[in-house]
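J.:
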Amino acid sequence: MAMRSCSGFSDLRAGSIVVCHYAMGLSFVALIILGSRLHQVDKEAGFLQVILNTWFRESVQPAAGQTRGSGVAGTSQRPPSPKVMLTEQAQRTLLAFREDIRYFYRELDAARMTLILSIVFVGIFILSWWWMAFAIKQARSDGGVSLRTVLLLAVFAAVDVAASTGFILLRIIMYIRKDHLFPQEMRKPIPSLEYDQLAAYAALRLFTIQSSCGSIDILVIIVVGFLTGLRVYSVVCVFSYYKKAKNGSVDLYEHKNATGESDTSSRIERLKILDDYGSKTIVGKYSKRAGLAAGLASLPRRPPRSRPGSVTGSTYDEDPPELKIQAADMPMEMQRSAVFSATQALKLYSTEKHIAESIKQDFDTMYHPTWHCIVGRNWGSCVTHSKQCYVRLAYKELTILLYRST
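According to full-length UniProt numbering, the sequence shown is numbered sequentially starting from 1.
1. Report back the beta-carbon spacing between Ser-341 and Leu-348 to the nearest angstrom; my notes put them in contact at under 8 angstroms.
2. If you measure between the beta carbons of Leu-323 and Tyr-390, is that distance less than 8 angstroms?
3. Sorted by chain position, which residues of the same chain lie with C-beta nearer than 8 angstroms to Pro-52's C-beta, five sequence neighbours on each side aside?
4. With respect to the alpha helix (DSSP H) encompassing Arg-404, which residues constitute its N-terminal and C-terminal limits?
5. I'd like the list of long-range same chain contacts for Glu-352, defined as Cβ closer than 8 angstroms, with 5 residues on each side in sequence excluded.
6. Let's see if you can read the secondary structure: which residues bound the alpha helix (DSSP H) around His-354?
7. So, using beta-carbon positions, are Val-122 and Leu-31 closer together than 8 angstroms?
8. What's the C-alpha gap between residue 407 and Phe-47?
9. Out of Leu-227, Phe-182, Phe-239, Tyr-233, which has the shortest C-alpha to C-alpha gap to His-211?
10. Would the region 212-224 and the region 21-28 be scored as touching if the rule is three or more Cβ pairs under 8 angstroms?
11. Roughly how many angstroms lie between the CA atoms of Leu-38 and Leu-117, to the nearest whole one?
12. On the CB-based measure, 16 or more other CB atoms within 10 Å of its CB, does Ala-202 come out buried or exposed?
13. Let's test the definition: count the other Cβ atoms within 10 Å of the Cβ of Thr-114 and tell me whether it reaches 16, buried, or not, exposed.
14. Going by DSSP, what residue range makes up the beta strand (DSSP E) through Leu-393?
15. Measuring CA to CA, which of Gln-326, Ala-327, Leu-401 is closest to Phe-363?
16. Please classify Glu-88 as buried or exposed, where buried requires at least 16 other C-beta atoms within 10 Å of its C-beta.
17. Pop quiz: Met-132 and Leu-152 are said to be a contact at Cβ under 8 angstroms. What is the actual Cβ separation, rounded to whole angstroms?
18. Please find out if some non-hydrogen atom of the ligand MN comes closer than 7 angstroms to the beta-carbon of Ser-16.
19. With 16 as the cutoff for other CB atoms within 10 Å, does Ala-338 come out buried or exposed?
20. Pick helix, strand or coil for Arg-377, following the three-state DSSP scheme.
21. Can you name the start and end residues of the beta strand (DSSP E) that Gln-210 belongs to?
22. I'd like to know whether the C-beta atoms of Trp-371 and Arg-404 end up nearer to each other than 8 angstroms.
23. Which same chain residues, not among the five before or five after Ile-172, have their C-beta less than 8 angstroms away from its C-beta?
24. Given that a residue counts as buried once 16 or more other Cβ atoms are within 10 Å of its Cβ, and exposed if not, what is Leu-198?
25. On a CA-only basis, which of Val-235, Lys-178, Ala-96 is nearest Gly-214? Give me that one, please.
26. If I measure Cβ to Cβ from Met-330 and keep anything under 6 angstroms in the same chain, skipping five residues before and after, which residues do I get?
This is the structure we're talking about:
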């Protein structure tokens, strides 16, 4: 499956970064929604706590005029205030109302804890997406990020996806088994004894439904579930980029693995070829396309590598059919490397800047710094280069100029 069908971008690197940025933006929106709901539920739970602590507090005040010990004779004593005695029906009504308030408080407290956990998961998602985008930006053009970074990204993604999935499943189970029963499972008023309180009970329970655990569960399942799916999608996009970049890197350097030569010996041989070519007298120029085409045709070409089942963004596995050498003044081996490096860059990237960076870094690695690469559309240029070492490639409307300087 191509990366274009996954993220909609032909440039895997830019597409993965854009996906992470969009996911971060949606996560901030979800954070605002959950935070506002948490503030509302917290205010309601706090008010119920005030009711329990003040309205139903049982306090016995001592008689004001009763003193012990030696007292002054003739001191006037205030008679104790009469204690208000409630009827049995009034006491029953107050007791039922207090139990309802306690039930509402437990319900809102559970909803508040659910929202806090949801906000924590959204914060972890934002951190993970920022980390992914930062790692992709810091990666070299060949995708050669450190193994530790790749492992940390994989472990972190697996942990937060598994944790959020478990949290969503738990909320679904709680909603099915218990939370959707609110307020049907509460105490049923007795119409014959509480006929004057029925309207108040119904209004209070209807008002509390919007902040109950069942309503919060629905909100959390939708928001966190959507972000979890988006998290899995972004992980697939990012690892598609890494896989494509790694495959391109293996293609570029696979001749070293085939011959078993080390990086140092390979670089020395390339520098030797470059120095020998620079010390020779230039008899003719490579701008003659007929001679250049004949020379390239006589060289053995590596068959295209098959990549079955790879998730990449390439629309072709062979060299771009319109990539041509317009002019060159460098050894034939370096020309082949330039063509192949440009091919890989065109497969991976769609912007001129990234294509130029990829080709330059490849040649700095293989043939020692310093190389310069200019990529543009419909332009002409004249540059000063050393050792007659340059190549100019053309691909559709794109012109690629690669040259070496001291």
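C-beta: ideal position from N, C-alpha, C; glycine also.
T.: Let's see:
1. 11 angstroms between Cβ atoms; not a contact.
2. no
3. The sequence as given places Leu at residue 52; Pro does not occur at that position. Contacts found: Arg-98, Ile-101, Arg-102, Tyr-105.
4. Arg-404 -> not in any alpha helix (DSSP H); beta strand (DSSP E) instead, spanning 398-404.
5. Once the five neighbours on either side are set aside, the close Cβ partners of Glu-352 are Val-375, Gly-376, Arg-377, Leu-398.
6. 352-367
7. yes
8. Past the boundaries of the shown model lies residue 407; the chain is included only from 1 to 406, so the question cannot be answered.
9. A quick correction: the sequence has Ser, not His, at residue 211. It is Phe-182.
10. Too few Cβ pairs lie closer than 8 angstroms, so no.
11. Distance from the CA atom of Leu-38 to the CA atom of Leu-117, rounded to whole angstroms, is 11 angstroms.
12. Exposed, by the Cβ-count rule.
13. buried
14. 390-395
15. Leu-401
16. exposed
17. No, Met-132 and Leu-152 are not in contact; Cβ-Cβ is about 11 angstroms, not under 8 angstroms.
18. With respect to the ligand MN, the structure shown offers nothing to examine, as it has no ligands at all.
19. buried
20. The answer is strand: DSSP assigns Arg-377 an E or B state.
21. Counting along the chain, Gln-210 falls outside any beta strand (DSSP E), and DSSP gives it neither H nor E.
22. yes
23. Asp-217, Ile-221
24. By the neighbour-count rule (16 or more Cβ atoms within 10 Å), Leu-198 is not buried but exposed.
25. Lys-178
26. Cys-389, Val-391
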